[in-house]
Each structure stands twice: as structure tokens, then as C-alpha cells.
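Contents: one structure, followed by commentary.
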Amino acid sequence: MLRFLSEHLNTVSKPARYIGGEYNAVVKEIKKDTLRVALAFPDVYEVGMSHYGLEILYWLANELDFVYAERTFLPWTDMIEKMEAYDIPLFTLETKTPIYEMDVLGISLEYELSYTNVLKLLELSRIPIRCYDRRDNDPIVVGGGPVAFNCEPIAEAFDAIYLGDGEVHFKDFLRVVKETKGLDRESRLKELAKIEGIYVPIFYSYTGRKVIPKYDFVPAKVKRNILKDLDTAKHFERKIVPHVESVHDRVVVEISRGCTRGCRFCHAGYVYRPVRERSANTVVEIAKKLIESTGYDEISLLSLSALDHSQINELVDEFLPYVKDKKISLSIPSTRVDAFNIQLAEKISTIRKTGLTFAPEAGSQRMRDAINKQISYEEILKTAQAAKKAGWRRIKLYFMVGFPDETEEDIREIGELVKAIKKVGFMDITASINLLIPKPHTAFQFAKLQPPEYMDIVKDILNPYKKFGKLDINDGKKSFVEGILSRGDRLLFPVIEKAYKIGYYDEWGEYFSYEKWSKLFQEIDISRYTGPYGLEDFPWDHLDSGVDKNFLWSEYQKYFSGETTIDCRARCTLCRVCIDYKVSNTLKRR
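Read in order, the letters of the sequence shown correspond to residues 30 to 619 in the numbering used here.
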């Protein structure tokens, strides 16, 4: 392996992706009884190294004295060609061990368009694509992440799926894998299925579109793992500093997990309920340690809605003296328009400024109410004015189209909103407009997926508004394919298998081929995945996010009436997560 790297790294792009040995990477002694774990992100190195969840699992696993967790990523296409030409299998970065020699291969499932990457990664690892074909000595292949809540289209590629927060039972998963070494594969999977939140696909079958257990030793519904209090989870104090600039090349600290707003399209907003905040003191302490152990000059506060944190003002106040002294910038990712207040804007503007990103999601007030965004036109303009006054010059806005019963006027209002923000004085405005992907476990899981041609109508309506800002109108093709895969079942696996053999890296524009997918979709009845649906069996009903299906149906009906649902910080909305899982919103108000 080392000889191959030394002879061929200079012939591929960004060779530092493959050498390992980064600052803060874990080095451990490998003993005879060490459980060898490969944590894989099915995308290129600089994307995977930006993934917060992978970092959490890496440090969680390596806290165990019997585990050595290493990393691997899908090589870029030029490196794959070299590896295949010289018969080199995929290997870990830390020790250059072939993946097929590991005990566990954990794969992050972050977006459906990575499914072809997952299969290519398995092929490069010399692990059989289907779980049924694996031998007793092949690694246990486990998946996890937000896409796991409907993993059925790719389920046959996995021995096990971990649902929910890794801090709860991932260590238990690794202990059982170690304790069952030497047993046959089925016996090991039976033991893993006893852990809460572990779904073992081979033990389930289909009745119509409903997934049911084959055996009585597995649950009819797999419950997700929920970390009850973020402050109780030990945060890693070191961060691997990548050799190649990563997508999010900065210190990232998660300040809260989950969201209470109830936006009806938002997958993360439903499957990560309830909201659990990390206290301001803890966040600052973690960030300082990470800055000191890495040398980064930027801190990003990670949350679905960072400015909703109940201690956000105290948090920023505690940060300010430190970041000013160290000349470190503080960034807050995309946030709700109504949570961005003038006082906080002025505080953050005293530090180095980055662009602001807001997500009104819809142009018209009718649509914002219908999707439960609960932001008024006046709030949007007031926020833009406050940001401009505080010194920001760049603003990015996110919108979606393709909602049920959407009108041309609703779409036109997106342009009118961009025009109004232009009048506020922003010279650099970008509006990203994307096709709605109706995701499982959301209120829109019942909705129709619009075809890509819908975006041609959107472009025609918004074309006159291009003079007010850069309108980045997606062509809808990627979103359509993602929409099919997101509400799919196991009948899609042969399609995905054929797709990856034609080409992978579907998330990347230069490799995505709509023609490939549309041709393959002709082999199946894709109308079963486009909707709309009623209250019927779904192939993800057995994977429990905690949110009651009848509650989601009720939210979907409210969409059509334009009725909003209150933020559950104020009052319980009876989605049943807290009731059934015996958890609650954990806020850190002083």
C-alpha cells in the first residue's frame, strides 16, 4: 500500500487526501484483541472531514481502550482509476489497513444521492454489496445518519442501521461486536438487534409497502436513540486538522440539537426533536480547547437555529473578549429571520464579518403560513435593515418551490422579496431557489413530488427579477432523483446498483446524470414514489422518529387551511416524541 502511494500520489489531484498522519489524528497500539473500526464518509476527503457526526463517532469509539477507530473516504475518480488499475483495495488513513480486514465498517448516510457512492465504497473495499452475500469474516457494515430514517432503498447493503444519536448506544454496539467475534454472522446480528435503535434489515420482509419482522426476536418498530441532555455528553477536545482545506475548515461547536419550530418541510426539525441545548459556559469552554488544540481562527456555532438558543446573548457575550483578543471570527450558520435581532447583530459585527444566510423559504405570506414558517414580510425587512446597519454587505436567501397548490403569484413573491431587500441597500444578494423534496417523517411525506419541468415555470416567472440579485434557480433534476430515492423501498436497490456501475458521485454536478437515472427509472413504476399519498403504509413506518404519523397528517391538513402550529417551547403540540420517549425540551435559561 505504501509503495503504491509513494509511486502514484504525484499523479492524482490533491494527493494529501490519502496520506493520513494529520495533526491530532489518533494513533493507537494495535493488540491482538483490538476491535478495528473503519469510519467511512462516502464522499471525498474534504467533504467528509467537515462532517461533525463523523468526528463525534471517531472520538467516542477511540475513548474505548479495546477499539481503534480509523477513517476512510471515497477517493476521487482519478485515484479510484489508479487503485483499480493496480489492484489496490480501499484502506484506512491511519494505518493503511485494507477495509476488508477491519471488524466494523461504519458508513455515514447524509444524503440520498450518496447511495451510489456507498456501493462504490463497498466495491473498492472488496466487501460484497449485499448483506446476504457476506461471509462470517467480512466486516459488520453499519450505517447511520439522517437518511437512516428511510434506509430501505439501500438497506440490503447494510448488516445493521443505527437510528438516532450516536452518544447513546454506539459504544454498546461496538462492545457487542467484540463480544460476539467468532460466532456466525446471523448470531452476531441477532445480538446486535437486541440493542435499542439498531435495525437489522435481513430480519424484516415486505407485505405490500409495509416492512414487518420475519421473527419475533426483533421489534415491529425500531425506536431511535435520543440523547436527553447535550451537556451530559462529553465533547471531544481535539479536532483533526485536515491536510486539504475542508468544506467547513474551522472549529465547530454544536450548541443545540433539535428544533421546536415545526416547519412542515423540515426533515431535521422532526427527526431530531426535542431541542436540547448545550449551556453557554460549556460551549465557550469547548471552543477554547478546540482553538488551542488546532490553531483555527474561526468558530462556527452549530445548530438547526442557532439564534433560538435560550442563552445566545450570554454565549456571545462570553465569547467576545476571547475572540477579540485572539482575532478569531465567530460565525453563525443559516438562521431564522425572526431570531436575528439588532443587538446581537451589532455584537457579532464587531468581529470579522462573514456573509449572512437566511431562509424565508417562501415568497408569499400565504405560503410561509402554510409551511409553518411563521415569519412576516415586516420581520424579514426589519432583519435585513438591522443587518445592513450592523455592517453586513452580503446576504444569501434560501427558498423552496413546488408545494401543493402553489400559485404563480406565490412564486412571483420570491422575486418581490429579493427586490425589497435590494432597496434596503444590499449590493450582493443571492437567492437560492430549489424544488421541494417531500421527505419521510415530515408533514410533506404525503405530498406530490413535482417533476423537474416545474422549475422551467419558476424560471420564467422569476426571470424579470434577476436585475435585483443573483437568482440561483435549480433545474430540479437532482431534487427529483433525490425525492424518488428518499421515499423509496427495496425495489429501488437494483436500480441504485445499476446506477453506480454507470457512474457515482451523483451529488457532484460534473458527475450527476439525469439521463442515467431517468432511463433506469423506466424499469420500475416510479409513480409509487412520487405521491401524493393518504394515510397508508409507508416503507419507513417501522423506523420510529418519535413523531406520530397522525400528527404529521394533521400538520399536512393544516397546510391546506393555512393554519399555523405553535412553537412547542411555548406549549406541547402532542407530536408524541416527549410522551413516548420520556424526554423533553432541555433549555439552559438562567
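Every residue, glycine too, gets a C-beta built ideally from N, C-alpha and C.
All of these numbers come straight from a predicted model, not from anything done at the bench.
Should E181 go down as buried or exposed, given a rule of 16 or more other Cβ atoms within 10 Å for buried?
-> buried
Output yes or no for whether 9 angstroms exceeds the beta carbon distance between N401 and C292.
-> yes
Inspect the beta-carbon positions of V251 and Y228 and report whether they are closer than 9 angstroms.
-> yes
K425 lies in the alpha helix (DSSP H); which residues open and close that run?
-> Segment R423 to V430 is the beta strand (DSSP E) holding K425; no alpha helix (DSSP H) there.
Go ahead and pull the three-state DSSP assignment for D497.
-> A quick correction: the sequence has Phe, not Asp, at residue 497. If DSSP states are grouped into helix, strand and coil, F497 belongs with the helices.
Among M456, I490 and G420, which residue has its Cα nearest to the Cα of D439?
-> I490
Hey, quick one: how far does the beta strand (DSSP E) through T236 stretch, first residue to last?
-> Y233 to T236
Spatial neighbours of I224 in its chain, beta-carbon cut-off 8 angstroms, leaving aside the 5 residues before and after | H198, D201, F202 and V205
Report the partner residues of P242 according to the DSSP bridge assignment.
-> Y233
Since S360 and E327 are thought to touch, with beta carbons under 8 angstroms apart, how far apart are those beta carbons, to the nearest angstrom?
-> 6 angstroms
Which residue from G77, Q372 and W88 puts its Cα closest to that of F19?
-> In the structure as shown, the chain starts at 30 and stops at 619, and residue 19 therefore has no counterpart that could be examined.
Assuming K268 and N53 make a contact with CB atoms under 8 angstroms, what is their CB distance in whole Å?
-> 6 angstroms
If you pair each beta-carbon of the segment 161-175 with each one of the segment 54-64, do three or more pairs fall below 8 angstroms?
-> no
Whether I450 touches Y494 by CB criterion (9 angstroms) = no
Would you please state the rounded distance, in angstroms, between the beta carbons of D535 and T261? I believe it to be under 8 angstroms.
-> At roughly 38 angstroms, the Cβ-Cβ gap does not stay under 8 angstroms, so D535 and T261 are not in contact.
Reduced DSSP secondary structure (H/G/I, E/B, other) of R305 = strand
DSSP state of A189, grouped into three classes?
-> strand
Taking Y325 as the reference, which of V576, F294, R279 and R302 has the closest Cα?
-> R279
P127, DSSP secondary structure in three states | strand
Could you give the residue range of the alpha helix (DSSP H) that holds Y543?
-> Y543 to F550
When we look at the beta-carbon of Q586 and count the other beta-carbons within 10 Å, is it buried (16 or more) or exposed?
-> exposed
Using CA coordinates, which residue listed in E185, M131 and L148 is at the minimum distance from K207?
-> M131
Closest Cα partner of R365 within the set S556, K111 and K411 = K411
Could you tell me the distance, in whole angstroms, from the CA atom of S275 to the CA atom of K243?
-> 44 angstroms
Host beta strand (DSSP E) of L212 (start-end) = From DSSP, L212 is part of no beta strand (DSSP E); its letter is neither H nor E.
Where does K57 fall in DSSP's three states?
-> coil
Nearest to R238 by alpha carbon, out of T436, F187, H571 and H272?
-> H571
Give the DSSP bridge partners of L134, in chain order.
-> A67 and V170
Proximity to L122 [Cα-Cα], best of K496, G392 and E99 = E99
Roughly how many angstroms separate the alpha carbons of L119 and D62, rounded to a whole number?
-> 23 angstroms
Just checking my contact of S574 with V300 at CB under 8 angstroms: how many whole Å lie between their CB atoms?
-> 4 angstroms
How big is the Cα-Cα spacing for K425 and D457?
-> 8 angstroms
For the alpha helix (DSSP H) that contains I450, what are its first and last residues?
-> E437 to V453
Would you kindly work out how many angstroms separate the C-alpha atoms of R519 and L259, rounded to a whole number?
-> 35 angstroms
Between W537 and F178, is the Cβ-Cβ spacing less than 9 angstroms?
-> no
Express the C-alpha separation of V282 and A472 in angstroms, rounding to a whole number.
-> 30 angstroms
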